[in-house]
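Accompanying notes for the structure given below.
Residue numbers (UniProt numbering): 1 to 373.
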């Protein structure tokens, strides 16, 4: 068993600053859990508390069936992969990977078997005689991962391991780590992984579940698809997704017997099902949210009844799609449109935009909780 359970975990520094506010989290055996959030949200602090590198002020951390609050890092059954690789520069790749096993007095034949097995998994067999300075950043990071694998830990901890790599290498390494997780599970080895990143693309593509943190509090823990389509609150809605969700202060009104969203120079009527969920907020101020891909133009959706007239200010062309920035009533919106379907949209000109009100979100103005789920 390699479950990781955090029970009301608190971290307060000597100066009184409270970094972590009573976190409760259950990470399942064999799960790939990603911690994501903005800088300063305590994701690395939380990971370091699990590792034993950061002392906890309150609560309990359990790994398997043991409370590890008083257990030193080396005895917690964890292996950590750092952002800066942390390899010994004077040692070969083989010796870097074998070092921890030698300290544990593991038999030489077993060390050799484990190192060769890990090297094969990560495709670094031909690098075993090299020193770290003779390798690229991506190769060094694979060695750091290999060093973790050979220890056969109960839990793997990754602290922003790819942030020093270029964009192309990051993609290949995140695929490699995701494949490794699946491979270890299939081989019956412990494969619980906790991965810290500030990159939401990494989080969305790698995690079985994602824990979104902000100011030391958990905002939501869910699958990537649920975080994206059913954000629990305004913070998660705005943080997950690129480009970010359009989020605007608005008012819900009753217009001709129908519930509508009132924005500067726009009135958008809600379909019946959506209206029923938020009718208790009619006459109140709310936050209105809609993702860029849920805004279309007259060109992409010529058969709709309700359009809003906007002025295009910026067009970002990405080949297969375009990000269209436009203003209505002095408010800027962003739409994500298929390049093949928008031949006549140009900067500085007017355009009719359509809002898919079946896909929009509403958040309580004060609590910022999603009221449209």
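No residue lacks a Cβ here, since even glycine has one placed at the ideal position from N, Cα and C.
Quick one: grab the DSSP three-state call for residue i.
i	result
residue 10	strand
residue 76	coil
residue 95	helix
residue 301	coil
residue 198	coil
residue 294	helix
residue 270	coil
residue 123	coil
residue 181	helix
residue 227	helix
residue 47	helix
residue 282	coil
residue 373	coil
residue 332	strand
residue 276	helix
residue 364	strand
residue 33	strand
residue 345	coil
residue 66	strand
residue 340	helix
residue 169	helix
residue 239	helix
What number of angstroms, rounded off, separates the C-alpha of residue i from the C-alpha of residue j?
i	j	result
residue 103	residue 111	11 angstroms
residue 70	residue 11	15 angstroms
residue 273	residue 258	12 angstroms
residue 59	residue 191	25 angstroms
residue 304	residue 175	41 angstroms
residue 248	residue 288	5 angstroms
residue 243	residue 323	8 angstroms
residue 315	residue 16	47 angstroms
residue 362	residue 278	8 angstroms
residue 117	residue 106	16 angstroms
residue 134	residue 47	31 angstroms
residue 281	residue 366	12 angstroms
residue 205	residue 239	15 angstroms
residue 144	residue 342	47 angstroms
residue 185	residue 151	16 angstroms
residue 121	residue 313	49 angstroms
residue 245	residue 231	11 angstroms
residue 327	residue 298	16 angstroms
residue 237	residue 352	25 angstroms
residue 216	residue 359	30 angstroms
residue 320	residue 193	34 angstroms
residue 276	residue 317	38 angstroms
residue 182	residue 228	23 angstroms
residue 226	residue 198	19 angstroms
Hey, out of the options, whose CA is closest to residue i's CA?
i	options	result
residue 210	195, 93 and 183	195
residue 284	217, 371, 84 and 313	371
residue 294	241, 188 and 28	241
residue 77	312, 20, 2 and 33	2
residue 137	126, 161, 18 and 114	161
residue 255	310, 145 and 270	270
residue 355	300, 296 and 193	296
residue 129	282, 232, 308 and 93	93
residue 37	342, 135, 200 and 56	200
residue 99	185, 148 and 30	148
residue 263	188, 55 and 309	309
residue 251	237, 267 and 172	267
residue 73	21, 85 and 55	55
residue 373	344, 317, 234 and 329	234
residue 207	217, 222 and 215	222
residue 91	127, 369 and 75	127
Would you say residue i lies against chain B (beta-carbon separation less than 7 angstroms)?
i	result
residue 328	No chain B appears in the structure shown, which is made up of a single protein chain.
If you count every other CB in all the chains shown that lies within 10 Å of the CB of residue i, and 16 or more means buried, which is it?
i	result
residue 88	exposed
residue 166	exposed
residue 41	buried
residue 220	buried
residue 86	exposed
residue 67	exposed
residue 291	buried
residue 218	buried
residue 31	buried
Since residue i and residue j are thought to touch, with beta carbons under 8 angstroms apart, how far apart are those beta carbons, to the nearest angstrom?
i	j	result
residue 286	residue 364	7 angstroms
residue 27	residue 9	About 12 angstroms separates the two Cβ atoms, so there is no contact after all.
residue 80	residue 157	4 angstroms
residue 378	residue 44	The question about residue 378 has no answer here: the residues shown for the chain are numbered 1 through 373.
residue 63	residue 171	Not quite, the Cβ-Cβ distance comes to about 31 angstroms (not below 8 angstroms), so this is no contact.
residue 164	residue 84	7 angstroms
residue 35	residue 213	6 angstroms
residue 265	residue 329	3 angstroms
residue 53	residue 25	Not quite, the Cβ-Cβ distance comes to about 18 angstroms (not below 8 angstroms), so this is no contact.
residue 153	residue 140	The pair is not a contact, with the Cβ atoms about 20 angstroms apart (cut-off 8 angstroms).
residue 101	residue 114	7 angstroms
residue 119	residue 146	6 angstroms
Quick one: does the C-beta of residue i sit closer than 6 angstroms to a heavy atom of the ligand FMN?
i	result
residue 66	Ligands are entirely absent from the displayed structure, and the ligand FMN is therefore not among its contents.
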